[in-house]
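A.B. asks: Its first residue numbered 22, the sequence shown is counted upward by one per residue in our numbering.
Positions of the beta carbon are idealized from the N, C-alpha and C atoms, including for glycine.
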Amino acid sequence: MPPRNISGRTPAEVIALLARTTDPERRLSVEQQLFPDLVNLGTAENVLLFQQMNDKVFSRLRGLTEQDLRYSVPIYGTETMREDIAELLRPQFGADLGRDDLFGTSGVSAALECLAFALKKTGTLAEGDRVLLPAPFWQGFKWCFEQRPGLECIPAYLGTDFELTLDVLQQAYYWPRPQERPKLLVLTNPNNPLGVNYDKDVLEKIYTWALTQTDMHIISDEMYAHSQIQTSQRPFVSAFALDAYRDNPAARDRVHVVWGFAKDFGLSGFKAGVAITRNSAVKDVLNGTDGEPYSWFSPFDSLKHYVIGSLLETQDTGRSFAAELMDEYRTILTGAFDSARTALDEAKNIPYVFREEQNSAQFFWLDLREYLRQDVQEIPYERGPHFPYNGHTYNGGAHDGNGNAGGESRRPGDLRLPVLFSGIGSAESELFQYIKDHAGVQLLPGRTLSAHDQGYFRLCFTAFEEQTIREAIQRISQALADRSH
Numbered sequence: 022m023p024p025r026n027i028s029g030r031t032p033a034e035v036i037a038l039l040a041r042t043t044d045p046e047r048r049l050s051v052e053q054q055l056f057p058d059l060v061n062l063g064t065a066e067n068v069l070l071f072q073q074m075n076d077k078v079f080s081r082l083r084g085l086t087e088q089d090l091r092y093s094v095p096i097y098g099t100e101t102m103r104e105d106i107a108e109l110l111r112p113q114f115g116a117d118l119g120r121d122d123l124f125g126t127s128g129v130s131a132a133l134e135c136l137a138f139a140l141k142k143t144g145t146l147a148e149g150d151r152v153l154l155p156a157p158f159w160q161g162f163k164w165c166f167e168q169r170p171g172l173e174c175i176p177a178y179l180g181t182d183f184e185l186t187l188d189v190l191q192q193a194y195y196w197p198r199p200q201e202r203p204k205l206l207v208l209t210n211p212n213n214p215l216g217v218n219y220d221k222d223v224l225e226k227i228y229t230w231a232l233t234q235t236d237m238h239i240i241s242d243e244m245y246a247h248s249q250i251q252t253s254q255r256p257f258v259s260a261f262a263l264d265a266y267r268d269n270p271a272a273r274d275r276v277h278v279v280w281g282f283a284k285d286f287g288l289s290g291f292k293a294g295v296a297i298t299r300n301s302a303v304k305d306v307l308n309g310t311d312g313e314p315y316s317w318f319s320p321f322d323s324l325k326h327y328v329i330g331s332l333l334e335t336q337d338t339g340r341s342f343a344a345e346l347m348d349e350y351r352t353i354l355t356g357a358f359d360s361a362r363t364a365l366d367e368a369k370n371i372p373y374v375f376r377e378e379q380n381s382a383q384f385f386w387l388d389l390r391e392y393l394r395q396d397v398q399e400i401p402y403e404r405g406p407h408f409p410y411n412g413h414t415y416n417g418g419a420h421d422g423n424g425n426a427g428g429e430s431r432r433p434g435d436l437r438l439p440v441l442f443s444g445i446g447s448a449e450s451e452l453f454q455y456i457k458d459h460a461g462v463q464l465l466p467g468r469t470l471s472a473h474d475q476g477y478f479r480l481c482f483t484a485f486e487e488q489t490i491r492e493a494i495q496r497i498s499q500a501l502a503d504r505s506h
């Protein structure tokens, strides 16, 4: 009988699943099922609040009732649910945020797609329109905007200091095809993968330009709004709190925000997010005035109401536990950040991009360009129905894909692994593989996040407890030291 891993799947079954998985972060998770000794610091997940959530919410969940199994009405969240979410977000997003501005969806990716479809329905966007994004950016924007809405994502590459400026966006907007100006600007604040909060003055300039000198709508992805470390001297500022938005009544129709429970609360698997807009035409589309609500296809379902509702309703002090937890989260996140940063600094050979006054959200942006091999040849990939294969067996150290310890025991030809990250550049791909093989750690290559240059990697320091993160960083350091000799 073929060996099975802890997921209950044979290696061949996991490889087949890997070949059907297009998102780079999910590919890492699937590969980890095949090789469970790997420490996945590439996928953006947050385990820091599980104990608090378990003590105050999960362990207190009442039994399901018949009502919990019925359709939620409306499908984008009951009035009570949306009011509770609005109350949670008002300190960060503005006191005038109302429940009727919120539309629940199955995650922030669904909220982004729903907004794209709604903007197409209202005639603001059309098939093939361009979406302007500062790069590096979360790879999921491509499938949120391109896969079904049919838009085209255009990167505006940040400089070597990775600072967002108006000039960077204007250069990408005005060049090279003036007849095809972008119709949508998407900003992620705090940024993923950099983790930084954007400077308020810079945002004011960008929003003023976009809302007065162009016809672009703006989507602000504020998924990490509460992921703030205590030492950050640049506070988070929501799009709804900007003067360029508040002082321009006409602009209120052109600014939209998304947020969700996946990152700040560590509830990635629940897929619970909200699209927030004050555009009446977009609202009509989202709430189903002319047809079914768009959330019908990506709903804030009854089980989300059951669990998320319990989180928002729990009160021990007269204040929502969710609000209290976000206050506590800042301290917990800072501790995890300090621990990971200390490990990186002690390693002395893992450069990272960070300035003292910045926020970090849940990430470190590693600069490993000095470790790229210059003699790596481009691999002639064989294109398959989903993504390329490299035609080689797994060359890892911990497991060979057949359940055997030690890569030396594998038999050539046993497994033909799909390429995890096609199109990122062979030097970066080789360095990713080296760190995985010799440190047992997965990082997310920067080119999957549309970084301009090879050699950057995103490390998520909230994906495991502090000790695991520190040990993983130490193993990366040792592997890089060995590579340099």
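#1: Can you find the residues in the same chain that come closer than 6 Å, C-beta to C-beta, to Thr235, ignoring five residues on each side of it along the sequence?
#2: Evaluate Asp188 with the Cβ neighbour count: other Cβ atoms within 10 Å of its Cβ, from every protein chain shown; 16 or more gives buried, anything less gives exposed.
#3: DSSP has Arg151 in a bridge; who is on the other side?
#4: Would DSSP call Gln254 helix, strand or coil?
#5: Kindly indicate which residue of Arg496, Leu480, Lys204 has the alpha-carbon position closest to the one of Glu173.
#6: Can you check DSSP and say which residues form a bridge with Ile297?
#7: Since Val223 and Thr186 should fall inside the 8 Å C-beta cutoff, what is the C-beta to C-beta distance between them, to a whole number of angstroms?
#8: For Gly294 versus Trp280, is the C-beta spacing smaller than 8 Å?
#9: Within 10 angstroms of the Cβ of Ser301, are there 16 or more other Cβ atoms? Answer buried if so, exposed if not.
#10: My output table needs one value for Ile239: the three-state DSSP class, helix, strand or coil.
#11: DSSP beta-bridge partners for Trp386?
#12: To the nearest angstrom, report how far apart Leu69 and Asp285 are at their CA atoms.
#13: Whose CA, out of Asp117, Thr31, Leu470, Pro466, lies closest to the CA of Asn61?
#14: Determine the extent of the beta strand (DSSP E) in which Val207 is found, giving its start and end residues.
#15: Please report how far the alpha carbon of Leu232 lies from the alpha carbon of Gly312, in whole angstroms.
#16: Tell me whether the beta-carbon of Tyr315 lies closer than 8 Å to the beta-carbon of Cys135.
#17: When the Cα of Leu55 is compared with those of Ile36, Ala65, Asn67, which residue comes out closest?
#18: Can you tell me the Cα-Cα spacing of Ser319 and Tyr195, whole angstroms?
#19: Since Leu215 and Phe358 are thought to touch, with beta carbons under 8 Å apart, how far apart are those beta carbons, to the nearest angstrom?
#20: Kindly provide the ranges of any beta strand (DSSP E) runs that are 3 or more residues long and lie completely inside the segment 75-102, ordered along the chain.
#21: The alpha helix (DSSP H) spanning Glu487 covers which residue range?
#22: Three Cβ pairs or more, each shorter than 8 Å: is that satisfied between the segment 481-496 and the segment 65-84?
#23: Report back the beta-carbon spacing between Leu501 and Tyr392 to the nearest angstrom; my notes put them in contact at under 8 Å.
#24: What are the boundary residues of the alpha helix (DSSP H) that Phe453 is part of?
#25: With a threshold of 8 Å between beta carbons, is Gln475 in contact with chain C?
#26: Does the segment 267-279 come into contact with the segment 130-150, if we say contact requires no fewer than three beta-carbon pairs (one atom in each stretch) closer than 8 Å?
#27: Taking its Cβ as the centre, do 16 or more other Cβ atoms sit within 10 Å of Asn75, making it buried, or is it exposed?
#28: Within 10 Å of its beta-carbon, does His506 have 16 or more other beta-carbons around it, so buried, or fewer, so exposed?
#29: Label Gln249 either buried or exposed according to how many other C-beta atoms from any shown protein chain fall within 10 Å of its C-beta, with 16 as the threshold for buried.
#30: Using only the alpha-carbon positions, how far apart do Asp503 and Asn370 sit?
#31: Can you check which of these residues, Pro197, Gln53, Thr42, Lys77, is closest to Ser341 by C-alpha distance?
#32: In chain order, which continuous runs of the alpha helix (DSSP H) of length 4 or greater are located wholly inside the segment 286-364?
#33: Where does the unbroken alpha helix (DSSP H) through Gln200 begin, and where does it stop?
#34: Could you give the DSSP three-state label for Pro112: helix, strand or coil?
#35: Counting along the chain, where does the alpha helix (DSSP H) carrying Gln53 start and finish?
#36: Comparing alpha-carbon positions, which option in Tyr477, Tyr455, Leu123 lies nearest Val303?
C.D. replies: Walking through what the data contain:
#1: For the purposes of this step, residue 235 is taken as residue 214 along the sequence shown, with counting starting at 1. Nothing listed; no residue qualifies.
#2: Numbered from 1 along the sequence shown, position 167 holds the residue referred to as residue 188. Its Cβ having fewer than 16 others within 10 Å, Asp188 is exposed.
#3: The sequence position of residue 151 within the sequence shown is 130, counting from 1. Bridge partners of Arg151: Glu173.
#4: One-based indexing of the sequence shown puts residue 254 at position 233. Look at Gln254 here: in three-state DSSP terms it is coil, with no helix or strand label.
#5: On the sequence shown, position 152 is the one that residue 173 refers to. Taking only the C-alpha atoms, the option nearest Glu173 is Lys204.
#6: Looking up residue 297 in the sequence shown gives position 276. Ile297 is bridged to Leu123, Val278.
#7: Residue numbering aside, residue 223 sits at position 202 when the sequence shown is read from its first letter. Residue numbering aside, residue 186 sits at position 165 when the sequence shown is read from its first letter. About 7 Å separates the two Cβ atoms, so the contact holds.
#8: As a working mapping, residue 294 is identified with position 273 in the sequence shown. As a working mapping, residue 280 is identified with position 259 in the sequence shown. Yes; because the gap between Cβ atoms is below 8 Å, this pair is in contact.
#9: Along the sequence shown, read from residue 1 onward, the residue named residue 301 stands at position 280. Exposed, by the Cβ-count rule.
#10: On the sequence shown, position 218 is the one that residue 239 refers to. Strand.
#11: As a working note, residue 386 is residue 365 in the sequence shown. Partner(s): Arg479.
#12: As a working mapping, residue 69 is identified with position 48 in the sequence shown. As a working mapping, residue 285 is identified with position 264 in the sequence shown. One C-alpha to the other measures close to 10 Å.
#13: For the purposes of this step, residue 61 is taken as residue 40 along the sequence shown, with counting starting at 1. That would be Pro466, whose Cα lies nearest to the Cα of Asn61.
#14: Position 186 of the sequence shown holds residue 207. Segment 205-209, the beta strand (DSSP E) holding Val207.
#15: For the purposes of this step, residue 232 is identified with residue 211 of the sequence shown, where counting begins at 1. For the purposes of this step, residue 312 is identified with residue 291 of the sequence shown, where counting begins at 1. Roughly 30 Å separates the two Cα atoms.
#16: On the sequence shown, position 294 is the one that residue 315 refers to. On the sequence shown, position 114 is the one that residue 135 refers to. A contact, by the Cβ cut-off of 8 Å.
#17: Mapped onto the sequence shown, residue 55 falls at position 34. For the residues Ile36, Ala65, Asn67, the minimum Cα distance to Leu55 belongs to Ile36.
#18: To locate residue 319, count along the sequence shown from 1; it is residue 298. To locate residue 195, count along the sequence shown from 1; it is residue 174. Cα-Cα distance, rounded: 35 Å.
#19: For the purposes of this step, residue 215 is taken as the residue at position 194 of the sequence shown. For the purposes of this step, residue 358 is taken as the residue at position 337 of the sequence shown. With 8 Å as the limit, Leu215 and Phe358 do not qualify as a contact, their Cβ atoms being about 14 Å apart.
#20: Fully contained in the segment 75-102 is no beta strand (DSSP E) run of length 3 or more.
#21: As a first step, residue 487 is located in the sequence shown; it is residue number 466 there, counting from the start. Run containing Glu487: 487-505, per the alpha helix (DSSP H) assignment.
#22: yes
#23: Here residue 501 refers to the residue found at position 480 of the sequence shown. Here residue 392 refers to the residue found at position 371 of the sequence shown. Indeed they touch by this definition, with Cβ atoms about 6 Å apart.
#24: Translated into positions along the sequence shown, residue 453 becomes position 432. Residue range 447-460 is occupied by the alpha helix (DSSP H) that includes Phe453.
#25: Reference to chain C is not applicable here, since this structure consists of a single protein chain.
#26: yes
#27: As a working mapping, residue 75 is identified with position 54 in the sequence shown. By the neighbour-count rule (16 or more Cβ atoms within 10 Å), Asn75 is not buried but exposed.
#28: Indexing the sequence shown from 1 puts residue 506 at position 485. Its Cβ having fewer than 16 others within 10 Å, His506 is exposed.
#29: The count along the sequence shown starts at 1 and reaches residue 249 at position 228. Under this definition Gln249 is a buried residue.
#30: For the purposes of this step, residue 503 is identified with residue 482 of the sequence shown, where counting begins at 1. For the purposes of this step, residue 370 is identified with residue 349 of the sequence shown, where counting begins at 1. Near 11 Å, if we compare the C-alpha coordinates of Asn370 and Asp503.
#31: As a working note, residue 341 is residue 320 in the sequence shown. Of Pro197, Gln53, Thr42, Lys77, the residue nearest in Cα terms is Lys77.
#32: 301-308, 323-334
#33: Against the sequence shown, residue 200 aligns to sequence position 179. No alpha helix (DSSP H) holds Gln200; DSSP gives it neither H nor E.
#34: As a working note, residue 112 is residue 91 in the sequence shown. DSSP places Pro112 in helix when its eight states are reduced to three.
#35: The count along the sequence shown starts at 1 and reaches residue 53 at position 32. It spans 45-55 - the alpha helix (DSSP H) in which Gln53 sits, taken as one unbroken run.
#36: Position 282 of the sequence shown holds residue 303. It is Leu123 whose Cα lies nearest to the Cα of Val303.
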